[in-house]
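In the UniProt record's numbering, the protein residues as written are 1 to 158.
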Amino acid sequence: MAHADDRAGTARPSPAAYRRPAPGGPAPAAPGRAAPALPISAAAERLGTSPRMLRYREALGLVPPTKEQPTGRGHRHRRFSEDDLGAVAAGLELERAYGIPPAALAFALRVLAEPATLARVRSFGERVGRLAPAPARAMDFEKQKALRLLRRRERGTP
């Protein structure tokens, strides 16, 4: 799903492409030293998106937290490492593969991270028939298994 702020017609490379600098980009770091971090405009260009969309993704929690410390004279401008670019690219790939917006991916992460949210979503899935109720005990599991086999047999499915 394309977003209005993404650059139209710009094909994004796979997440693996963000592991090394693009031609004309910063020189590779010396062994034992980190590659230079990129400002948001350069990071957005490498990712094929806009700085505004990158800030939006950061607000949603789809960008790894920064390890930079404030300078004491106000907020320091965020810079993006190669690992940050790889993580954002992986998120972009998930969005593209499943046709979802960034907010849906952020919610999926929230469901996975928060047991209470997971329980509420699971309960809703059971109520609308998208999820089978979780078996409470081992006997319930066996009963559910037997019922599934019977339903298959009734439908003529092996």
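Even for Gly, the Cβ is constructed at its ideal location relative to N, Cα and C.
- Here the alpha carbon of residue 83 sits roughly 14 Å from the alpha carbon of residue 44.
- The three-state reading of DSSP puts residue 85 in helix, counting H, G and I together.
- As the crow flies, the alpha-carbon of residue 125 is around 5 Å from that of residue 131.
- In terms of Cβ geometry, residue 79 and residue 39 form a close pair [threshold 9 Å].
- Contact annotation, residue 105 with residue 47: C-beta distance approximately 15 Å; criterion of less than 8 Å not satisfied.
- In this structure, the CA atom of residue 93 is about 14 Å from the CA atom of residue 63.
- Per the coordinates, the alpha-carbon of residue 108 lies some 10 Å from the alpha-carbon of residue 102.
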